[in-house]
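Structure, as structure tokens:
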Amino acid sequence: MSTPRLYWVGPDGQENVFQLEASEVLIGRKGDADIVLNNQHISRHHAKIVKMAEGHFLQDLSSTHGTFVNNQQVDHHVLKHGDKICFGKDRIELHFFIGEAKLPKAPKADTTRIFERSLMGLGVVLPSGSSDLEKISCILDFQYQWEQLFTPETAFQKILESALKISGAERGFILVREGNTFGYAAGMDGQGRPLSLAHFQRSHTVVDDVAAKGSPVFMVEGLGDKYKEQASIVAMHLRAVACLPLMGIPSQADSPSILGILYLDSTKRMHSLSGLDQKIISKLAVEAGNVLERVEMIKNIEARKKLELELGLAEETQRSLLPQNLPEVENLQIHAFSKPTRYVGGDFYDFVELETGELAGVLADVSGKGISASLLSSMLLGCLQMQLRAGLPIDEAINRLNRFLCEKSSSSRFVTMFLFTLSSEGSGRFISAGHNPTYLFRAATGEIEEIGSNNMIVGAFSFVSYQSNVLQLHKGDVLVVYSDGLTEAENPQGEMLGEDRVKEVIRMEASAGAKHLEDKLLETIQNFTVGRSQTDDITITIVERV
């Protein structure tokens with residue numbers, strides 16, 4: 007069956023197709039989303055699509071302006087081929103497809119519609135039948151340039167050109183926020199010639215005032231007393247300054263803030279700006295803010311793609327350390343499943359066939375999540391593999407591992423672990439080092455034995471000596487080892503799956519075999535969480551004596 011996909015047309019007119027291969031796809035305005043939609047009416051984390059047994063499940067994440075499927079607002083919805091999904095007040099439109107269906111024809115670039123909406127706002131300011139055709143021409147020319155091709159450079163050039171023509175200023179700059187200051191982004195003189203960074207000068211006092219107050223300053227026929235004696239103004243012989251904040255919504259925020267500054271100055275008086283002139287320049291400042299908002303979005307997307315590539319490589323590396331093929335041991339059926347919260351995690355499992363013919367198995371949970379936990383888990387897995395392959399008993403192997411971890415890791419890092427050996431007759435030994443209960447289903451009685459921790463966590467105390475206990479599986483018995491991400495999986499109401507539900511599934515399904523039990527446990531997680539994001543790594547290993 008073909009992989010389902012989403013299709014949409016971006017604001018630049020580019021067609022996008024996103025394959026829904028991941029188990030969960032986050033949609034929103036924030037840069038960490040899988041699909042980033044840059045629109046002020048899209049919430050940072052707006053919605054997500056979760057792959058489930060019955061199909062792909064769309065869930066609204068309490069967004070401000072809602073999620074819609076086929077023009078009906080939804081909180082959650084199982085997607086069907088051909089569904090039209092819309093997000094937010096502006097109804098950003100995506101299409102859900104399965105198979106090789108013909109995709110909708112891309113409309114004319116959305117940049118035209120975006121700017122048309124901007125002109126509608128300007129139409130409120132422009133009086134009907136205005137005779138100032140030159141000023142209106144500036145706006146219409148900017149619209150034309152925007153329709154043809156969007157780049158930050160061309161947009162800034164047209165904004166500066168129009169602002170300089172209307173104001174009569176000798177120089178104009180667009181500044182972009184760099185931490186707590188503002189740096190050069192673009193410059194132009196009154197003759198339309200570009201001004202480089204080498205020509206970049208401005209009144210720090212005026213810029214700082216506009217940044218602090220968030221309101222424009224217009225001093226086109228002379229400077230106010232506050233500014234006349236400022237050193238930078240005197241040095242540049244300035245007689246007129248106009249300075250406006252460029253507002254936009256950063257990708258990591260929900261409300262507008264100052265992303266940049268439109269700065270105009272002159273050694274002579276500028277044109278006497280009417281209220282209309284000021285509103286036109288203010289409108290150009292709005293468009294410059296939109297450009298900066300888009301530039302920031304593009305940078306965040308590029309940074310996120312680079313990070314995702316690196317995380318993808320980390321995930322591939324970590325997975326390569328896990329067993330590529332589970333060993334085949336007489337009279338034992340082995341199954342395993344592991345899913346980190348995102349890309350990489352701190353859980354690991356392994357199976358090693360010992361020279362004695364026994365099977366050694368381990369499931370471990372490193373404290374913490376993410377890359378730091380995954381690095382530590384990869385190091386510990388490699389170390390433990392060497393100990394077991396060297397033929398050391400599990401007691402000595404874990405004693406050495408504990409000393410190694412105490413030497414190499416901080417005191418805040420520790421590991422819980424269930425380590426065991428089993429022969430083909432089902433006899434063996436185990437060590438549960440601070441791990442959550444392991445369940446042993448007894449086929450003869452249909453009951454579950456809980457195997458609690460019999461040793462301390464690994465990596466906390468160098469003086470600890472680990473001792474193993476006897477383990478015995480009879481025919482039909484099933485051993486279930488798991489990390490606490492299983493029992494702590496949460497539903498949308500914040501309720502945890504819990505040990506009782508897990509044991510009930512084992513009690514009802516284990517008699518049908520290890521593979522059947524694994525499928526039922528995974529199905530239980532999906533049905534219980536109903537698409538809620540995973541809060542912890544989930545790892546399960548199941549060994550059945552057949």
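Residue 7 is where the sequence shown starts when you use the working numbering, and the numbers rise one by one after that. Glycine included, every Cβ here is placed at the ideal spot set by N, Cα and C.
Legend entry - Entirely enclosed alpha helix (DSSP H) segments - the region 186–256, minimum 4 residues: 210–219, 231–234, 237–242
Using alpha carbons as the reference points, say which of G397, C412, S288, V182 lies closest to T427.
G397
Between the region 445–461 and the region 471–488, do at least 3 Cβ pairs fall closer than 8 Å? yes
Express the C-alpha separation of A466 and K414 in angstroms, rounding to a whole number. 11 Å
Taking all protein chains shown into account, decide if M392 is buried (16 or more other Cβ within 10 angstroms of its Cβ) or exposed. exposed
> How close, in whole Å, do the beta carbons of L407 and L381 come, if the pair is a contact with beta carbons under 8 Å?
Replying inline: At roughly 16 Å, the Cβ-Cβ gap does not stay under 8 Å, so L407 and L381 are not in contact.
inquiry  = Whole angstroms are fine: how far does the CA of L64 sit from the CA of S49?
reply    = 15 Å
Would you call M514 buried or exposed, if buried means 16 or more other Cβ atoms sit within 10 Å of its Cβ?
exposed
Buried or exposed for T70, going by 16 or more other Cβ atoms inside 10 Å?
exposed
Measure the Cβ-Cβ separation of I246 and S272 and say whether it is below 8 Å.
Looking at the sequence shown, residue 246 is not Ile but Ala. Contact flag set, yes.
ask   = Counting along the chain, where does the alpha helix (DSSP H) carrying L170 start and finish?
value = 158–173
(message) Quick check: what's the CA-CA separation for F354 versus N77?
(response) 45 Å
Residue range of the beta strand (DSSP E) that includes R448: 444–448
- Give the DSSP-derived three-state secondary structure of S383 in the structure shown. helix
If you draw a straight line from the C-alpha of S430 to the C-alpha of V549, how long is it?
12 Å
Can you give me the Cβ contacts of N405 inside the same chain, cut-off strictly under 6 Å, excluding the 5 residues immediately before and after it?
Y472
Work out the CA separation of A379 and N337 for me, nearest whole Å. 35 Å
Open item on the list: Spatial neighbours of A403 within its chain, please: C-beta separation below 7 Å, excluding the five flanking residues on both sides.
Closed with: L390, Q393, L394
- Query: With 16 as the cutoff for other CB atoms within 10 Å, does H243 come out buried or exposed?
  - Reply: exposed
Three or more C-beta pairs closer than 8 Å, one from the region 351–365 and one from the region 322–335: is that the case here? yes
Which residues DSSP lists as bridging A53, in chain order: I33, D66
For this session: Assign M514 to one of three DSSP states: helix, strand, or coil.
Result: helix
Exercise. Leaving out five residues before and five after E529 in sequence, what residues of the same chain have Cβ atoms less than 8 Å from its Cβ?
Worked result: A59
query = Taking only beta-carbon atoms, is L479 less than 8 Å away from chain B?
reply = Absent from the structure is chain B; it holds one protein chain and no more.
Is it buried or exposed for T555, if we count other Cβ within 10 angstroms and need 16 for buried? Nothing about residue 555 can be reported from this structure: the residues present for the chain run from 7 to 552 only.
**OP:** Using 10 angstroms around the beta-carbon of G94, count the other beta-carbons present and answer buried if the total reaches 16, otherwise exposed.
**Re:** buried
Inter-residue Cα distance where the pair is V226 and L279:
7 Å
* Nearest to N45 by alpha carbon, out of S221, V75, C92, I98? -> I98
Original post:
S238 and S209 look like a contact to me (Cβ under 8 Å); what is the Cβ gap, rounded to whole Å?
Top reply: 5 Å
Q.
With a threshold of 8 Å on Cβ separation, who are the neighbours of I454 within its own chain once the five nearest residues in sequence on each side are excluded?
A. Y445, L446, F447, R448, K509, I512, R513
R183: buried (16+ other C-beta within 10 angstroms of its C-beta) or exposed? buried
Notebook entry, point to check: What whole-angstrom Cβ distance do G500 and I463 have, given they're in contact under 8 Å?
Noted result: Not really, about 27 Å apart at Cβ, beyond 8 Å.
Notebook entry, point to check: So Y503 and A516 are in contact, right, with Cβ under 8 Å, and what is the actual spacing, rounded?
Noted result: Per the sequence shown, the amino acid found at residue 503 is Leu instead of Tyr. That pair is no contact at about 17 Å.
Discussion item. So, with DSSP's three-state summary, where would you put E501?
Written reply: coil
query = Does the Cβ-Cβ distance between D96 and H62 come in under 8 Å?
reply = no
Contacting residues, own chain, Cβ-Cβ under 8 Å from E27 (five flanking each side not counted)
T9
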